[in-house]
Amino acid sequence: MAIEDYRGDVEMCCRCSACKHIPLQMVKGVEHSYACPSIARYNFHAYSGGGRLLIAKEMLNSGFKYTDKLLDIVYNCQMCGGCDTSCKYAMDMEVLEPIYEFRIRCVETGHTNPALDKVINSLRKQGTMVPGAKGKRAAWAQGMGIKDATKEKVDVYYHVGCLTSYDKDYQKLARATAKILKKAGVDFGIGYENESCCGGRAFQMGYKDDFLKQAKKNMDMLKKAGVKTLVTGCADGYQAFKVLYDKYNLKGDLEVLHITEYLARLIKEGKLKLNKKVNLTVTYHDPCYLGRLGEPWIHWQGKKIPGYKFVFDPPKVYRRGTYGVYEPPREVLKSVPGVKLFEMDRIKEYAWCCGAGGGVNESNPEFAKWTATERIEEAESTGAEAIVTACPWCEKNFNQAIKESGSDLKVYDIVEIVEKAI
Amino acid sequence: MAGNESLVKIFGAKNVLDDAETLEEYSGDFSFVSPVRPRCVVKPKNADEVQKLVKWANDKRTPLVPVSSGSPHFRGDTVPGIGGAVVVDLSGMKKIIRVDRAHRVAMVEPGVTFAELIPAVEKEGLRLNMPLLPRKSKTVIGSMLEREPVVMPKYHWDISDPLACVEVVFGTGDMFRTGQAAGPGTIEEQWAAGGAQKTPYGPGPAAWYRLIQGAQGTMGIVTWASLRCEILPKLEEPFLVGSAELDRLLELVHWLVRMRLVNECFVLNDSNLAAIMARKFPGEYQDIKDTLPPWVLFFNLAGYDYFPEDRVSSQIKGVSDITKRIGLEADKAVGGVSAVEMLKMVKRPSPEPYWKLGGKGACHDIFFITTYDKLEGQIGVMNDVANKSGYPALDMGVYLQPIVQGSNCHCEFNLFYDPQDPVELERVKELSAEAVNCLMATGAFFSRPYDRSARMIINRDAAYVDALNRVKTILDPNHVMNPGKLCF
Amino acid sequence: MALSKDVYKEFEDVVGAENISDDPAIKDAYRSPDLTVILPGSTEEVAAVIKLCNKHKIPYKAQSTGWMLFAPTYDFIFMDLRRMNRIIEINEKNMYAVVEPYVISAELMAELFKRGMICNVKGSGSTCTALAMSGHGHMGMTTSTGDRNDLATEWVTDEGEIVRLGTLGASDEWFCGDGPGPSLRGVYRGGGVITRQATKVYHWPGPSEYPLEGLSPRYTLSKKPSEMNMMVRYFSFPSIGKLIEAELKIGESEIAFELMGFCPSMVSSNITTSNEEDFETLEQFTREVQGPGFMVIIVGNFDEDFAYKKKVLAQIIKETDGESLKAVEDPDAEATLLFQCTRVCASIRETFRAGGMFSSMMVQGQRYDNHVRWLEEAAVLKRELIEKGLVIADDGQQFGWGEEGGHLGHTEIFCRYNPYDEKSSKAVQEWLAKVGKRALDGCFAVPSMGILPVDVIGKRASNYHIWFGKLKEAFDPNGVGENTGFSYVGADTSGVHTSIYQKPEKASPKK
Ligand SMILES: Cc1cc2nc3c(=O)[nH]c(=O)nc-3n(C[C@H](O)[C@H](O)[C@H](O)COP(=O)(O)OP(=O)(O)OC[C@H]3O[C@@H](n4cnc5c(N)ncnc54)[C@H](O)[C@@H]3O)c2cc1C
Ligand code: SF4
Ligand code: SF4
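Protein chains in written order, with our numbering: chain A, 3 to 424; chain B, 84 to 571; chain C, 9 to 519.
Here it is as structure tokens:
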């Protein structure tokens, strides 16, 4: 698919601005009613989901004009899909897909963002998105006795992800995950130095070819290792394996689970017992790529039925954010003795992005921080002591924002809470 | 008739009056504005004559002072602001043009009084949302153009209600119809097409009627107006609630109006309630007053065509939930006043003599718009000013009328006095000027400024006055319409 | 055409570099090649921008939430007011709320619900501005309508003067917008920019927040409407005459929280989550209804009130041979209609989802029965388009709703179609013009804005266009402003206005 294939969708945009807000029914007041960080921060209509479609429509008609401002608009978007869900509350049309395609077109024509180029260069050179990553990917696992899934068969392949592997501050998540899986008696392994970036974030940044390269590489490795079930603690990685690989027909029948799904399953099956009390009031942040964008890909091909209605043969079934991963993380949190969960105003399919998506944490750290700060304020307004997320990128971005704002809010990944409870 | 020949041509000799007695009558009123004798008084019979007159006035640069209600007048707005004016007495235009039950609307000429319109609409099963006991000579149009408060806040959606559309001769001499009446088609053609002259705003983005209302005749002369009417209830159940605690009563008023439980709803102090109910002064007045608590709320429940008893009883339930919560009790009578009697009174104009005049022969009103939370303070301020001037605050009437569905409250102080007593007259005159100043400082909003203080009130905001003057320049470029009033 | 560097700089000095742009990408998103977009953040900035427009004779246009949906035409400075998004005050005791232009109705409603109150929400839906001034809404029976809800108002004129109406000018308070003397509420819709406004709010006996469950796009209520003393029904009638009789009786008996003359297609759009589901449901509804219909929402203040209102409704429906649409009696469908229609969250399902566009003929403020004959004619003409396959085959009907207890109302008929299909678009434009002309010729009403030239309408309506022109001149001597084109009886779009006021010549942008 290319941006041209979404002409019908971009033409459907009625400029209603629903994409700037969470689904209207869920608006709970004058606070926390916005869904799109980009328009909330930059205010010109161009920065909203609908505005992006209007630009696409105009440029499809009269040619692409790559001004600095256009690129500013294009790259100041977290690809969080908030717009997509809100629009599809009422409309039958794609919003995020054309936004992806527009960015891909920018990259393909060489209109890239220098900060993102740097990240991609690192990917190309080192197989990781974490700039300045040094040392071995699985250094964190030293001495833990974790199986190498490329060498021996395991029930579960744990894909650690770039940030968790390389960032010293977040390796704790990998260790916690391994500890929990062990405790539950799971036969699991990791890829050690054969693990490679999932490519999901490269896709978000518009570097489709790099993504495809990574995807193929990963799937080759996984196939060779005979992996049937993949578990990851990274929301971006989860979405890449589960949704994007599927979209590009690379996933095969690999079962992809986010760690929260897997933990919920283990808890339900009685294999994982959480019996230590963790006295903490928390609120849960739904990572975009686990939540609304974690919804399975729907393979559909069809043609618009000629005429005045925007309907297709066969009927098009839209991904509207309904089937993302929302309950498992909540179930896990609720099974931790002592943990009290307070919900924020924006949750599940209409959660506010942490700010790190779409490469914004690299291309515009100030905007990423601004977005995180909004979320932290929202989390604080619930009265919770901690914000819990299920993705290292979110955790890192929140931590950075908190460091500057001086908030007392604690930030955890869900595996850290579970680790405390075993 | 010297000098007025051209007017005689328009109106006929008997409708142009310039005898000394008539001119004297129209030269002043109960207000404190200085009397100015008009040049003559004309009595138009139809819109065509009015239009001719306004054109003539533009030609001759002669001021026109429109007046539709009969005397007595109280607010100075019908007293010429400058000499040489022609008073346009519209009280003879008395046609009730239409009463339309289905659309709940009536259309009348400017001379139609409440006393005349009430039976006409009742015949069709309708009634009016009335001001509180208007004097017998008060016309419906006069009241509406002044944005007078009405007694049923539930049906007072907008401060302009119940006015719907008007036909107006602007100060330029051009004829204009506002709202739905503007067109397409003549009024008769609109009726034939199934329409009624009901929607007030438009045509276009402007709401022309709002510029004519509150203008005290400075923009043009209205030759008919339509007004929304309400349905005659099948069953009514009026109540009174007495209390010494105004804030509690106001809390009750808020909820009654907010939940749209009640039709008529207003608060009077003991002096005003007694003045309304008494037929003999001062004896009966004082007797009634002695039986009353300081404040009395009157409200009325109503049932219409469907199961009226059920409706009223469900509303009684709703009301009693609120009164219980607030700690008040609704009764059929308070002191010597019965709720049923009161209801009878408020459905009609005041009996003669006008209730504001019965006691002492004259009355000066100070009224403004405010909000519930400010009332106690404002009443306190007024009491202080009155007492300080030597006017016993306890003699003063107070009338509180929730309006615009409870988002505002009309507050009115009635200063009864003896016009023959120069000391008393001077006292009321001075005290009222002082009161307006003090009340303004408390946020009292004099939305309809009359009399001597009008200019002072309106001129406080230069940008606002500038904007009004731009409108004035369009509708009355030669300033023939009631010059000297408001900021014009 | 771009502003000269110096002039651009002057505007930039007012709002800051990050709040002004004339980049092509920004302009594309505002759908016009000739704009400089400015995002003022305060009344003072709005006034300063307009003063500059006057100084340089540059025309401007403002937008609150952009629901007018027309691309700006000749305008040069485009003020998007979205940074002005604060609720200034909610006054419970005196039943008003004060908002800036980019507070949307969904936000204000949510705040009001918490306080047991509601406001008028424009039919365009709850992403539309909560400013009182613009528009009519489906809950008009309870929440009044359009121009009748505004109280004190802060208005920046086309010359950049800040005029404060009513109590705002007198005492810096918001409770009244009229006076002293004549009310400038009569003129402010003619131009300038409203920067803050108080709107009347009304009692809401319902929950402080709907107990919603589920995920987008299908939310449900965990409680049945009846458990909250609420009921939604759709009734169809054997004839328009009977429908009107029922509508009048319901209005007069004061039992309806909302009386919305949805045609079946609007009901099915509201409760369905895709086009396919919508059209299937519509087919089912069309089979079930006996004729034209409307939806009623009953809300009880307390148990006895609820019981009484239901009893009266049943009686009226019996007398008028109404039939309830069974599908709506299903508590799930009923609940969906309830929260959808009271929070007005799915208007675009009704209008845009199917074909991408809708075009409407409407009369605002006037009750359905005034124009039903005219609209029935319009419906016949619309069905011809349906038969030719030019517009969406819904049931073709007109609709309307009651306002202020049935004193006023709103009537409308629209065609949904694909705006990129030239034949469809042309057919719809012709239909509108025909229906509009018929409104004038039949002496029914001033047809909705922009369809006929304003002088054609004005001549038939007291020459209001001439008077309006004078108002414009008086308040906008440099011709930089525009008729705001608010959704009002006969309000005009910019395009039409330029034809009689010759705005572009008068105020051609400074080179
Ligand atoms: C699907 C749909 C359904 C609709 N249904 C209804 C309906 O049922 N009832 C109804 O009344 N309308 C309806 N409308 C129209 C819409 O509600 C009105 O146009 C409304 O006034 C738009 O408000 P806005 O602030 O979003 O308008 P904008 O598009 O922002 O502005 C509209 C006009 O007002 C001017 N303007 C905007 N803000 C200001 C301001 N602060 N000060 C001065 N001028 C300003 C603009 O210049 C423009 O000319 C509907 C529209 C759509 C698309
Ligand atoms: S993208 Fe969807 S929600 Fe946004 S403006 Fe367009 S139609 Fe509306
Ligand atoms: S993807 Fe997210 S940031 Fe980008 S336009 Fe949509 S809502 Fe805004």
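Just so it is clear, CB atoms sit at the ideal spot from N, CA and C, and this is done for glycine as well.
Keep in mind that this is a model prediction, so the values were computed, not measured.
When every heavy atom of ligand 2 is checked, does at least one fall within less than 8 angstroms of the C-beta of A:R474?
Residue numbering for chain A in the displayed model covers 3 to 424; residue 474 of chain A lies beyond these limits and cannot be assessed.
I need the DSSP call for B:F349, collapsed to helix, strand or coil.
It is a strand residue.
Let me check understanding here. Comparing Cα to Cα, which of C:D88, C:N62, C:K35 and C:A37 lies closest to C:E18?
Ranking the options by Cα distance to C:E18, first place goes to C:N62.
C:I34 and C:V23 - do their beta-carbons sit closer together than 9 angstroms?
Not in contact: C:V23 and C:I34 (Cβ atoms no closer than 9 angstroms).
In terms of residues, what are the limits of the alpha helix (DSSP H) holding C:S277?
Residues P272 to I279.
Give the C-beta separation of B:G386 and B:L323 to the nearest angstrom, bearing in mind that I take them to be a contact with Cβ-Cβ under 8 angstroms.
Not quite, the Cβ-Cβ distance comes to about 19 angstroms (not below 8 angstroms), so this is no contact.
Return the residue from the list C:A354, C:T350, C:G49 and C:N237 that minimises the CA-CA distance to C:D311.
With distances taken between Cα atoms, C:D311 lies closest to C:N237.
Name the chain C residues whose beta carbon is nearer than 9 angstroms to that of B:G61?
Residue 61 of chain B lies beyond the stretch modelled for chain B, which goes from 84 to 571, so this question has no answer here.
Could you please tell me which residues of the region 29 to 44 of chain C, in chain order, have their CB closer than 7 angstroms to any CB of chain A?
Under the 7 angstroms Cβ criterion, the region 29 to 44 of chain C contributes S29, D31, P32, A33, I34, D36, A37, Y38 and R39.
Assuming the contact rule is C-beta atoms closer than 8 angstroms, B:R543 and C:A178 should be a hit. Round their C-beta distance to whole Å, please.
That pair is a contact at about 7 angstroms.
Considering Cα atoms alone, identify which of A:G228, A:Y291 and A:A4 is closest to A:G191.
Among A:G228, A:Y291 and A:A4, the Cα nearest to that of A:G191 is on A:G228.
Across which residues does DSSP place A:M38 in a beta bridge pair?
For clarity, residue 38 of chain A is Cys in the given sequence; the question names Met instead. In the DSSP output, where bridge partners are listed per residue, A:C38 has none listed.
Is DSSP giving C:M526 helix, strand or coil here?
Outside the shown range of chain C, which is 9 to 519, sits residue 526 of chain C, and nothing can be said about it.
Strictly below 7 angstroms CB to CB, what residues from chain B border C:T522?
Past the boundaries of the shown model lies residue 522 of chain C; chain C is included only from 9 to 519, so the question cannot be answered.
What does A:P100 reach in chain C if we use C-beta pairs closer than 9 angstroms?
Those do not exist, as A:P100 stays about 14 angstroms from chain C at its closest Cβ, beyond 9 angstroms.
What is the C-beta distance between C:F243 and C:I325, in whole angstroms, given that I count them as a contact (C-beta under 8 angstroms)?
Right, their Cβ atoms sit about 6 angstroms apart.
Can you look up C:A499 in the DSSP assignment and give me helix, strand or coil?
Low local confidence applies: a pLDDT of 38 at C:A499 is under 50, so the model's placement there is unreliable, with the coordinate-based value given in what follows. In the structure shown, C:A499 sits in coil (DSSP, three-state: anything other than H, G, I, E or B).
Against chain B, does C:E285 count as a neighbour if the rule is that its beta carbon must be under 9 angstroms from one of theirs?
Not closer than 9 angstroms to any Cβ of chain B, the Cβ of C:E285 fails to qualify, so no.
Pick from C:D484, C:H473 and C:F483: whose alpha carbon is nearest that of B:P288?
It is C:H473.
Put A:D7 into one of helix, strand or coil per three-state DSSP.
In the structure shown, A:D7 sits in a helix (DSSP, three-state: H, G or I).
Which residue wins for smallest C-alpha separation from C:M369, given the options C:F422, C:L321 and C:E342?
For C:M369, the nearest C-alpha among the options comes from C:F422.
Per DSSP, which one or two residues make a beta bridge with B:L380?
BP columns for B:L380 point to B:V324 and B:V350.
Can you list, in chain order, the stretches of the alpha helix (DSSP H) that have 4 or more residues and sit fully within the region 446 to 531 of chain B?
If we require 4 residues or more, the alpha helix (DSSP H) runs fully inside the region 446 to 531 of chain B come out as 455 to 472 and 505 to 524.
Looking at chain A, is there any beta carbon in it that lies within less than 9 angstroms of the beta carbon of C:V352?
It does; some Cβ of chain A falls within 9 angstroms.
9 angstroms is my cut-off, CB to CB: does C:T51 come that close to chain A?
No - not a single Cβ of chain A is within 9 angstroms of the one on C:T51.
With a threshold of 9 angstroms between beta carbons, is C:D429 in contact with chain A?
It does: the Cβ of C:D429 has a partner Cβ on chain A nearer than 9 angstroms.
Under 8 angstroms by Cβ, that's how I've got C:T175 and C:E181 pegged, so tell me the actual separation to the nearest angstrom.
Right, their Cβ atoms sit about 4 angstroms apart.
Scan the region 221 to 240 of chain C for residues whose Cβ lies nearer than 7 angstroms to a Cβ of chain A and list them as they occur along the chain.
Against chain A - using a Cβ distance shorter than 7 angstroms - the residues of the region 221 to 240 of chain C are L223, S224, P225 and Y227.
Any beta carbon from chain B within less than 9 angstroms of C:Y68's own beta carbon?
Judged by the 9 angstroms Cβ criterion, C:Y68 is not in contact with chain B.
For C:M268, is the beta carbon positioned less than 8 angstroms from some heavy atom of ligand 1?
No, Cβ of C:M268 sits at least 8 angstroms from all heavy atoms of ligand 1.
What beta strand (DSSP E) runs, 3 residues minimum, are completely inside the region 47 to 85 of chain C?
Entirely contained in the region 47 to 85 of chain C, the beta strand (DSSP E) runs reaching 3 residues are, in chain order, 68 to 71.
Exposed or buried, which one is A:I300 when buried takes at least 16 other CB atoms within 10 Å?
Counting Cβ neighbours within 10 Å, A:I300 comes out exposed, since fewer than 16 surround it.
Quick one: is B:T222 near chain C, going by C-beta distance under 9 angstroms?
Cβ-Cβ to chain C under 9 angstroms: no for B:T222.
Expressed to the nearest angstrom, what Euclidean distance is found between the alpha-carbon atoms of B:G480 and B:M465?
The alpha-carbon atoms of B:G480 and B:M465 are separated by roughly 11 angstroms.
For the pair the region 210 to 222 of chain B and the region 264 to 278 of chain B, tell me if three or more CB-CB distances fall below 8 angstroms.
At 8 angstroms Cβ cutoff, the stretches do not touch.
Kindly list the residues whose CB is nearer than 7 angstroms to the CB of B:K372, restricted to its own chain and excluding five residues on each side of it in sequence; keep chain order.
Result list for B:K372: D353, S354 and A357, in chain order.
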